[in-house]
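**Student:** Each residue of the sequence shown is one higher than the one before, starting from 36 at the first, in our numbering.
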Amino acid sequence: MSFYLNNIMSDQMFDDLLKEKRILLVRFGYAAEKECERLDRMLASINQMVSRYFAIAAYETRDVTELLRKKYNITEETRHILVFFTKGAPIYVSFCKRPSFQICEYIPGVEEMLSLLIMVHQGITHNKKIINVYGTYFENKKSVRKLEKQET
């Protein structure tokens, strides 16, 4: 259970969040894992800034019902993924590869998370079926990291 985000505890809570006009961002995974805790802290730090447009919540993998597991392809191995929803349906996001509604890419920091949220919001505003995320902080951070590794 996340100490930083609102926790979804039942299908009814999940359905209520899906019915909201805001974009829903759900972190599926296990809060006890370091990466989930990092994502939860990051999302909690920006939650108030984006609360007008986004509802952010955590859903523990072990609490997801069988029906939702099948519908959204959630397994016990699902450790830390982000899924955006609008109008009751998941949003497909592409990081310069095959689009998926499950985002499992590493998001380095708050700036990158805000960049992702802005791109998703703009895509939904323009009724895009698939949101392409490129030309963002993600590309720059990867190239900087590769250069640092090559230097050492």
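Glycine residues also receive a C-beta, built at the ideal position from the N, C-alpha and C atoms.
Taking contact to mean at least 3 C-beta pairs separated by less than 8 Å, is the stretch 109 to 116 in contact with the stretch 40 to 47?
**Tutor:** no
**Student:** If you follow the alpha helix (DSSP H) that ILE109 is part of, which residue opens it and which one closes it?
**Tutor:** It is not in any alpha helix (DSSP H) - ILE109 carries neither H nor E in the DSSP assignment.
**Student:** Going by other Cβ atoms of all chains shown within 10 Å of its Cβ, with 16 needed for buried, is CYS131 buried or exposed?
**Tutor:** The residue in question, CYS131, is exposed, as its Cβ has fewer than 16 Cβ neighbours within 10 Å.
**Student:** I need the DSSP call for THR121, collapsed to helix, strand or coil.
**Tutor:** strand
**Student:** Tell me whether SER86 sits in a helix, a strand or coil according to DSSP, three-state version.
**Tutor:** coil
**Student:** Specify the secondary structure class of ARG62 as computed by DSSP and reduced to three states.
**Tutor:** strand
**Student:** Would you report the Cα separation of ALA67 and MET77, rounded to the nearest angstrom?
**Tutor:** 15 Å
**Student:** Using the beta-carbon count (16 or more within 10 Å), is THR100 buried or exposed?
**Tutor:** exposed
**Student:** Could you have a look at SER45 and say whether DSSP puts it in helix, strand or coil?
**Tutor:** coil
**Student:** In this structure, does DSSP put VAL155 in helix, strand or coil?
**Tutor:** The answer is helix: DSSP assigns VAL155 an H, G or I state.
**Student:** Taking the alpha-carbon of TYR65 as reference, which of LEU74, ILE58, LEU151 has the nearest alpha-carbon?
**Tutor:** LEU74
**Student:** Is the stretch 81 to 97 in contact with the stretch 50 to 60, if contact means three or more CB pairs nearer than 8 Å?
**Tutor:** yes
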